[in-house]
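Have a look at the structure below, then the notes.
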Amino acid sequence: MMMYSSGGKCIISDSPLLSLIKDPDAIDQKNLTKWRFVWICYREGEANPHPDHASLIEVPLQPVNITALTDRGGCFGSGPGRLNLTENTSSVTLNSRNSVLHSVLVFAIHVTTPTKRKVAYQRIEITRGDPPEIIIRCISNCQVKVNPNDTYSVLGRCFTCDALGVTLTYNWTLYARNESTEDFYEVKEFQKMAPHTGTTGRSINIKEGELAPGRCYRIQLTGFSPYTATTYTQLDFCTTRPPFGGFCSVSPAVGIVLETGFTVSCDNWINPETETSAGLKYQVWSQVQGLEDPPVLLSASPNPWVENLIFGPGVEAYNFTHLVSIIISHELGAYTNVYTSLKVEPPKLNAEELTSFMHSASEDLMGLMSSGDSQKGFQQASAMGSMLNSVETAPGNSTDEEEVASAKQQEEERKALRDTLINAIGSSKVYTLDAIQQSAGAIATVTKKPSEVSPDSQMNTVGFMSDMANTLTSFTVGKKGEPPSMKTTVAAATGLIASVANAGKAAADTYHKAVTVARDLLVATNISDFNDTDAFEWFTTTTAFPTTQSVATTTLLATTAAMLESSSNLVT
Numbered sequence: 001m002m003m004y005s006s007g008g009k010c011i012i013s014d015s016p017l018l019s020l021i022k023d024p025d026a027i028d029q030k031n032l033t034k035w036r037f038v039w040i041c042y043r044e045g046e047a048n049p050h051p052d053h054a055s056l057i058e059v060p061l062q063p064v065n066i067t068a069l070t071d072r073g074g075c076f077g078s079g080p081g082r083l084n085l086t087e088n089t090s091s092v093t094l095n096s097r098n099s100v101l102h103s104v105l106v107f108a109i110h111v112t113t114p115t116k117r118k119v120a121y122q123r124i125e126i127t128r129g130d131p132p133e134i135i136i137r138c139i140s141n142c143q144v145k146v147n148p149n150d151t152y153s154v155l156g157r158c159f160t161c162d163a164l165g166v167t168l169t170y171n172w173t174l175y176a177r178n179e180s181t182e183d184f185y186e187v188k189e190f191q192k193m194a195p196h197t198g199t200t201g202r203s204i205n206i207k208e209g210e211l212a213p214g215r216c217y218r219i220q221l222t223g224f225s226p227y228t229a230t231t232y233t234q235l236d237f238c239t240t241r242p243p244f245g246g247f248c249s250v251s252p253a254v255g256i257v258l259e260t261g262f263t264v265s266c267d268n269w270i271n272p273e274t275e276t277s278a279g280l281k282y283q284v285w286s287q288v289q290g291l292e293d294p295p296v297l298l299s300a301s302p303n304p305w306v307e308n309l310i311f312g313p314g315v316e317a318y319n320f321t322h323l324v325s326i327i328i329s330h331e332l333g334a335y336t337n338v339y340t341s342l343k344v345e346p347p348k349l350n351a352e353e354l355t356s357f358m359h360s361a362s363e364d365l366m367g368l369m370s371s372g373d374s375q376k377g378f379q380q381a382s383a384m385g386s387m388l389n390s391v392e393t394a395p396g397n398s399t400d401e402e403e404v405a406s407a408k409q410q411e412e413e414r415k416a417l418r419d420t421l422i423n424a425i426g427s428s429k430v431y432t433l434d435a436i437q438q439s440a441g442a443i444a445t446v447t448k449k450p451s452e453v454s455p456d457s458q459m460n461t462v463g464f465m466s467d468m469a470n471t472l473t474s475f476t477v478g479k480k481g482e483p484p485s486m487k488t489t490v491a492a493a494t495g496l497i498a499s500v501a502n503a504g505k506a507a508a509d510t511y512h513k514a515v516t517v518a519r520d521l522l523v524a525t526n527i528s529d530f531n532d533t534d535a536f537e538w539f540t541t542t543t544a545f546p547t548t549q550s551v552a553t554t555t556l557l558a559t560t561a562a563m564l565e566s567s568s569n570l571v572t
């Protein structure tokens, strides 16, 4: 990757980007003393000299007069070749007045480390006068190689426009490199690749999936003004490739909730950045077929072999099927998806046995959380929440007193179990984006039935999600390293939003239920001095009703929603 600034004095340098360049096999990424830089310069249309055989070209220290008789090509009329620099340097300052007007220079920097070799190209056109100085700045997906699975965003900036008193009109052009000839050709369908921004304006967003993996591109920003010479700058970049060559499987194919531990095994996957299996990450996602719930992250690990995974029950009408997605990714974010499925049946227990079974499982859950195995704890909490969600409740219009009492008791027991699950999830320490996704997904599952989410759990849920929103924000602003991709951020926020929505629905239901009780009570006692507004105010401020907590929940919901919106805006 190379960057330069245009103008009367042309500064060609890659040093501002050296902090973004790394050798994946190097232990000390900041130590560049063993890196070797070779600068090659030639005019467009001339042969690209090989660095090992190129002629040495002296960099003029005094103005040179190039004529048709003396011009031998290259940067300074002395022919193409290798710049004869006195030191091994990643930056060099050249005077464009020592080059032929209207010529196009091509600079190639060959960078060699103890184990690798790479070359970056920069094309520079010599024009008359001092055109405005513009640069391209990366906004998102700013890595050594661009991840084609994510949005690539860049921004143009003019350094000298204010001083010159001009405003530029910008236009973007994309070129792809022909791997056989190493020439660049214009990508004609570029407009379709950036549907949200188009190709005019200061910024451009290239949609995920539009850039081909393992390819090199050149993006050009051209600035137009009727008062100055047309100016442009270019940025060369390459895309990474996703992991390849392997396979994954899940066993057994059929199991029972909380009784069967499933194993996911992946083999023979290659990281294209290391050409080994090193640096790969394996995520296991599950979605119950027949439900509209978003996929839940069960496991995230560098280990290709994960044992004793816990799945919730499937839907009987869909043969208890789970759709399983295994995502294999590397450090630059490119990934490959492997899809499979399995069947998970609920245990064959009556209501009393199920309650006992769930209480025993909740004790195991607390043990997992206290031992620090939060990933397994989130799996178990999600599975238990799914079991509670699958329980068929008795119809609310029953007139049998015993049946009504039994149904009420069972509902209270389920509420208590959900309280336990939410408290267990909330007790976990969440430090990673994966943990945010896992905990939020588990909470969303546990709170799916708002009628069984108590006021205490409403407060606990939204409080925990508020903390998660803060943590997510710290990632998106870069406080915890490189900001995550848009895809990762959206996935992390999905569970948070679902959990907050469930808690909000529960709070609203509690509020309206209390108001209904208030109205009925007013009618029964014939308090004609109270109108509806007075009744609402009295019953929503007294501590005798859970409505007070519901109002507090609503306030916290608004705060959390604002933080979630802030987190999303930081990556858009």
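If you read the sequence shown in full-length UniProt numbering, its first letter stands for residue 1, the second for the next number, and so on.
Think of the CB as a built atom: it goes at the ideal place given N, C-alpha and C, for glycine as much as any other residue.
Should the stretch 243-256 be regarded as contacting the stretch 174-191, the criterion being three or more beta carbon pairs within less than 8 angstroms? no
From the DSSP output, in three-state form, read off THR541 for me. With a pLDDT of 46 at THR541, under the threshold of 50, the modelled position of that residue is not reliable, and the figure given next carries that caveat. Three-state result, THR541: helix.
Cβ-Cβ distance between ILE204 and ALA212 below 7 angstroms: no
Element boundaries [beta strand (DSSP E), containing ASN95]: 91-95
Under a Cβ-count criterion, where at least 16 other Cβ atoms within 10 Å of its own Cβ denotes burial, should TRP285 be classed as buried or exposed? buried
Residue environment, ASN531, which counts as buried when at least 16 other CB atoms sit within 10 Å: Only weak support exists for where ASN531 lies, its pLDDT of 49 falling under 50; the value from the coordinates is given anyway. When all chains shown are included, ASN531 counts as exposed.
Cβ of VAL264 within 7 angstroms of any chain B Cβ: Annotation note: the requested chain B is absent from the structure, which comprises a single protein chain.
Please return the same chain residues whose Cβ sits closer than 7 angstroms to the Cβ of THR228, not counting the five positions on each side in sequence. PRO131, PRO132, LEU164 and VAL166
Local conformation of PHE357 per DSSP, three classes: helix
Output yes or no for whether 7 angstroms exceeds the beta carbon distance between VAL421 and ALA383. For the sequence presented, residue 421 should be read as Leu rather than Val. No, Cβ-Cβ distance for LEU421 and ALA383 is not below 7 angstroms.
With DSSP as the reference, label SER528 as helix, strand or coil. In this prediction, SER528 scores a pLDDT of 47, lower than 50, which makes its location untrustworthy; no coordinate-derived value is stated.
If you run the structure through DSSP and keep just helix, strand and coil, what is LYS192? helix
Any beta strand (DSSP E) of 3 or more consecutive residues that is wholly inside the stretch 287-360: 296-301, 305-309, 321-329 and 335-345
Per DSSP, which residues does ALA108 bridge with? Please list them. ILE40 and TYR121
Contact between the stretch 131-145 and the stretch 224-241 is defined here as three or more beta-carbon pairs at a separation below 8 angstroms; is this criterion met? yes
Contacting residues, own chain, Cβ-Cβ under 6 angstroms from THR432 (five flanking each side not counted): none
Tell me whether the stretch 179-191 and the stretch 86-103 touch, counting them as touching only if at least three CB pairs, one residue from each stretch, are closer than 8 angstroms. no
Determine, using beta-carbon pairs with one atom in the stretch 267-280 and one in the stretch 239-249, whether at least three such pairs fall under 8 angstroms. yes
Residue span of the alpha helix (DSSP H) that contains PHE378, given as start and end: 374-390
Return helix, strand or coil for ALA176, following the three-state DSSP convention. strand
Smallest Cα separation from VAL250: which of ILE219, PHE311 and LEU61? PHE311
Outcome for GLY367 when other beta-carbon atoms lying within 10 angstroms are tallied against a minimum of 16: exposed
Out of LEU365, GLY290 and VAL264, state which residue places its alpha-carbon closest to the alpha-carbon of TYR339. VAL264
On the criterion of 16 or more Cβ atoms from any shown chain inside 10 Å, does GLN62 qualify as buried, or is it exposed? exposed
In whole angstroms, what separates the C-alpha of VAL324 from that of GLY261? 15 angstroms
What first and last residue would you give for the beta strand (DSSP E) that runs through ASN48? Looking at the DSSP string, ASN48 is not in any beta strand (DSSP E), and its letter there is neither H nor E.
On the three-state DSSP scale, how would you describe ASP150? coil
My output table needs one value for CYS75: the three-state DSSP class, helix, strand or coil. coil
From the DSSP output, in three-state form, read off ASN460 for me. helix
Can you list the alpha helix (DSSP H) stretches of 4 or more residues lying completely in the stretch 419-469, in chain order? 433-446
Do ILE66 and ALA54 have their beta-carbon atoms positioned less than 7 angstroms apart in this structure? no
So the beta strand (DSSP E) LEU85 belongs to, where does it begin and stop? Here LEU85 belongs to no beta strand (DSSP E), and DSSP marks it neither H nor E.
Residue interval of the alpha helix (DSSP H) (run including CYS216): Run containing CYS216: none in the alpha helix (DSSP H); it sits in the beta strand (DSSP E), 216-224.
Does the Cβ of VAL104 have 16 or more other Cβ atoms within 10 Å, making it buried, or fewer, making it exposed? exposed
Alpha helix (DSSP H) containing ASP162: first to last residue? 161-164
Starting from SER203, follow the beta strand (DSSP E) in both directions and report where the run begins and ends. 203-206
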